[in-house]
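> Numbering (this note's numbering), first residue to last: 857 to 1119.
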């Protein structure tokens, strides 16, 4: 069953849906949103179990694609373009494979339509290890997470999911903070998120893969699978970027997107 996704709409023109990655929210693509409003009406979405969208007991790409289609139906969007980063990129690919008549163009940021080995075990373990009953400041949470996550920028990104417990919830939850995302279900369904999108395709519409040149998520060996599912796909690289290419070089990323969307 689909869920009603939290959204933020801005700009004018043809619709472009932005789909964030694992542990993220629509805010993570805020820079992309700002830079593309001039060419598209932007629909930033929180995917299920993330951000301000509902929590569910399950999570896989077919279900997440259903959520996106339900959102389009609610908004009266017969067709839209999709831009997704990482997990959001796989969701975008799933929408295109399952509902090709609803998709105009697809932009996939640094992910391939393949199954990956687990890459987030330490992050999941670190987030689970935080004793929220003993944490009263974000600094304390950051310090506790250092044992599992070395990079400060990654910790900062993860801790955006730590939100203050509203006063009206204090009777049921006396802690200062709570996780906004659905950590238990994300962990339980992690293999589903590491898996490839389902379906043999092809989706014959235009697809742009944008790869961080220093990232290993899109490799030469993935090209055959990309071409099978998305025969019109092309791949662009952004030099000097890793997996967070849209945040590391936002102007270059937006330029590639604008040219593709206008083209």
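Ideal Cβ positions, reconstructed from N, Cα and C, are used throughout, including at glycine.
#1: Which residue marks the beginning of the alpha helix (DSSP H) containing residue 1014, and which one marks its end?
#2: Taking the Cβ atom as the reference point for each residue, do residue 902 and residue 882 lie within a distance shorter than 8 Å?
#3: Across which residues does DSSP place residue 1094 in a beta bridge pair?
#4: State the start and end residues of the unbroken beta strand (DSSP E) segment that holds residue 1033.
#5: If you reduce the DSSP assignment to three classes, tell me which class residue 837 lands in.
#6: Please state whether the Cβ-Cβ distance between residue 1039 and residue 949 is less than 8 Å.
#7: With DSSP run on the structure shown, which of helix, strand or coil describes residue 1117?
#8: In this structure, does DSSP put residue 918 in helix, strand or coil?
#9: Write down the C-beta distance between residue 910 and residue 859 rounded to the nearest angstrom, noting that I regard them as a contact closer than 8 Å.
#10: So, for residue 865: in the same chain, excluding its five sequence neighbours on each side, which residues have a beta-carbon less than 6 Å away from its beta-carbon?
#11: Taking all protein chains shown into account, decide if residue 1019 is buried (16 or more other Cβ within 10 angstroms of its Cβ) or exposed.
#12: Taking all protein chains shown into account, decide if residue 1080 is buried (16 or more other Cβ within 10 angstroms of its Cβ) or exposed.
#13: CA-CA distance, residue 875 and residue 1076?
#14: Does the stretch 1030-1047 come close enough to the stretch 1057-1064 that 3 or more CB-CB pairs lie under 8 Å?
#15: Going along the chain, which residues of its own chain have a beta-carbon closer than 6 Å to the beta-carbon of residue 923, five neighbours each way excluded?
#16: Quick one: measure Cβ to Cβ for residue 1013 and residue 1066, integer angstroms, because I've assumed they're closer than 8 Å.
Inspection of the coordinates gives the following:
#1: 1008-1015
#2: yes
#3: 1068
#4: 1033-1035
#5: Lying outside 857 to 1119, the shown extent of the chain, residue 837 is not represented and no answer is given.
#6: no
#7: helix
#8: helix
#9: 4 Å
#10: 899
#11: exposed
#12: exposed
#13: 25 Å
#14: no
#15: 858, 859, 861, 904
#16: Rounded, the Cβ-Cβ distance is 19 Å, inconsistent with contact.
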